[in-house]
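Anchor point for the sequence shown: position 115 equals 114 in numbering that gives the first Met the number 0, and the numbering is continuous, going up by one each time. Ideal Cβ placement from N, Cα and C applies to all residues, glycine included.
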Amino acid sequence: MLSSSYPFWHNVAQHTGRLFALQEKVTMKQIIARLIERYGDRQTVSRNVQFVVRSFFYWGLLKDSEAIGCYEKNEPLSFSDPNLTILMFESALHAFPDNTKSLDILLNNPAFFPFKIPTITGNFIAQQTDRIDVAHYGGVDELLKIKKPYESIESHVQFAS
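This is the structure:
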């Protein structure tokens with residue numbers, strides 16, 4: 000749920016997941032290079048990427064390989080509770096500037112590389128939570144968007160004149 004409060008963590012996870020989709024081992028240098036492309040060549044970017052990646056390691060999401068600074072994925076963590084999937088999607092939506100993504104993009108989000116995400120439908124999400132709007136477009140695609148907090152509060156609060 001770090002993605003909601005710390006989009007940088009989400010971006011590190013996303014770039015790490017993209018690299019793992021291309022190859023079995025990734026280096027710290029590769030991850031740092033991807034994030035420097037996004038945030039600029041600053042020392043704080045390099046240092047904070049190292050902190051995030053080492054946190055992934057200490058949490059058991061990554062494992063060291065034979066080469067120093069090179070990592071491999073551990074087996075993905077599985078869970079069966081669809082509400083946990085919804086919570087992860089909501090957290091990821093907060094990490095995107097427009098708070099909106101298609102369900103397909105979220106289901107295949109490289110930031111979720113440490114997890115085996117169960118497939119769920121937009122209709123199920125709409126039934127389970129009132130914090131995410133689900134819109135259908137293009138026949139089969141579903142768009143998920145975080146509801147604005149003031150939309151749900153205004154209907155329950157009367158303002159004094």
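query: For Glu-71, three-class secondary structure by DSSP; result: strand
query: Minimum C-alpha distance to Lys-72 - residue among Gly-137, Val-51, Phe-19 and Thr-118; result: Phe-19
query: Sub-8 Å separation of Val-11 and Leu-34 beta-carbons; result: yes
query: Sequence-distant residues of the same chain with beta carbon closer than 7 Å to Tyr-38, five excluded per side; result: Val-44
query: Reduced DSSP category for Phe-55 - H, G, I as helix; E, B as strand; rest coil; result: helix
query: Asp-103 - DSSP class collapsed to helix/strand/coil; result: helix
query: Inside the segment 20-46 only - beta strand (DSSP E) runs reaching at least 3 residues; result: 24-26
query: Buried versus exposed call for Ala-134 [16 or more other C-beta atoms within 10 Å across all chains shown]; result: exposed
query: Length of the line joining the Cα atoms of Leu-60 and Ala-125; result: 30 Å
query: Stretch-stretch touch, CB-based, cutoff 8 Å, three pairs: the segment 110-128 with the segment 21-28; result: no
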